[in-house]
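In the working numbering, the protein residues as written are 298 to 648.
We treat Cβ as the ideally placed atom computed from N, Cα and C, and that holds for glycine.
No experiment lies behind these values; they were computed from the predicted model shown.
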Ligand code: BGC
């Protein structure tokens with residue numbers, strides 16, 4: 298029985314099993330996605346010596362419902378944190394569901410990762426899911442219709458497209474929470490030996506709860522400087538910013554020219570240079586999260602993850618942007634007459 302079939306043995310909270318979809322290319326590489334949370338469950342890349350699973354993940358609904366790691370989930374309405382679970386718009390204050398102390402994380406208590414999405418399109422290399430979130434859902438204003446599609450190409454590119462419309466102005470920030478380990482989920486190696494390049498010259502320092510302090514800081518002369526490719530472990534846990542979060546758990550604003558999904562904004566490389574992941578996005582920022590709180594989280598089969606087992610590269614608006622309109626990025630508020638559209642492409646290159 299495959300891992301994907303195991304996932305359907307127990308029902309989701311609506312009493313029905315998950316539906317799982319697999320997209321395979323001609324090299325034999327494949328991705329699997331399930332309708333619960335429009336979750337990217339698996340990514341198996343054909344290497345010279347066989348298939349390599351490069352996503353952390355789980356293999357049962359029971360484990361899925363119990364974990365708080367957001368493995369591969371589609372996160373919304375607002376990915377990352379909203380300070381104090383509140384924001385104002387046009388003089389009106391909105392309170393969002395608080396699920397991390399007094400703050401809202403990843404859309405609240407019942408974020409989009411915890412919903413069953415409907416499949417509205419499927420063909421050999423693409424699947425599109427849709428979700429309706431009603432006015433007031435988790436405290437957010439407006440009826441929101443959101444689509445997310447996964448496309449898997451012959452070049453091992455996973456392109457995730459998001460679109461949304463809302464009937465009242467509301468902050469919208471959608472991302473995917475996949476954790477990558479390019480040496481393979483079963484390798485037992487952590488992600489700190491991977492090297493990383495991020496085309497960002499500023500990042501957002503946070504307090505110990507992960508809430509932005511307010512000002513973007515230049516990465517120069519700090520552990521956050523990934524402008525040149527470096528091993529993640531090189532400057533790991535060397536300053537208070539990281540020590541507060543047990544590692545990197547911070548947003549970077551991408552440099553101009555790297556926010557249009559044309560140029561590679563982020564590159565992750567396996568320590569043995571066998572595989573590389575290139576990320577392109579039209580989001581202005583990316584949260585780098587080195588899996589600092591994974592310890593004890595069950596994985597596939599009998600695996601229990603250690604901290605830093607994988608790395609999440611969450612393309613998004615800056616955290617708490619609804620309360621910080623002064624930051625140099627497009628507004629995170631989606632107007633009632635506008636369409637939210639974003640794309641992120643994860644390209645796996647066998648070297
Ligand atoms: C957050 C982490 C959090 C993780 C899982 C990341 O996006 O930045 O602080 O632990 O998601 O919830």
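Note on residue 403: 16 or more other CB atoms within 10 angstroms of its CB, so buried under the neighbour-count rule. DSSP, read as helix, strand or coil, puts residue 583 in strand. Restricted to the region 527–568, the beta strand (DSSP E) segments that are unbroken, complete and at least 3 residues in length are 546–550, 563–566, listed in chain order. Contact annotation: residue 642 and residue 577 have beta-carbon atoms nearer than 7 angstroms. Counting along the chain, no beta strand (DSSP E) covers residue 360; the unbroken alpha helix (DSSP H) around it starts and ends at 358–363.
Burial check for residue 410: the Cβ neighbour count within 10 Å reaches 16 or more, so the residue is buried.
Inclusion of residue 478 and residue 607 in the CB contact set at 7 angstroms is warranted, their separation being smaller than that value. Take residue 321, set aside five residues on each side of it, and the residues of its chain with a beta-carbon closer than 6 angstroms to its own are 327, in chain order. Here residue 435 is not near residue 472, since their CB atoms are 7 angstroms or more apart. At a Cβ-Cβ threshold of 7 angstroms, residue 337 and residue 388 do not count as neighbours. Annotation for residue 367 indicates a beta carbon within 6 angstroms of some heavy atom of ligand 1. According to the DSSP assignment, residue 428 belongs to the beta strand (DSSP E) that extends over 423–430. Taking residue 529 as the centre and dropping the five residues before and after it, the same chain places the C-beta of 488, 489, 490, 491, 492, 493, 545, 587, 608 closer than 8 angstroms to its C-beta, in chain order. In this structure, 547 is the residue among 547, 415, 446 with its C-alpha nearest to the C-alpha of residue 521.
In the displayed model, residue 434 falls within a helix according to three-state DSSP.
Cβ neighbours of residue 308 within its own chain (closer than 8 angstroms, five residues either side excluded): 314, 358.
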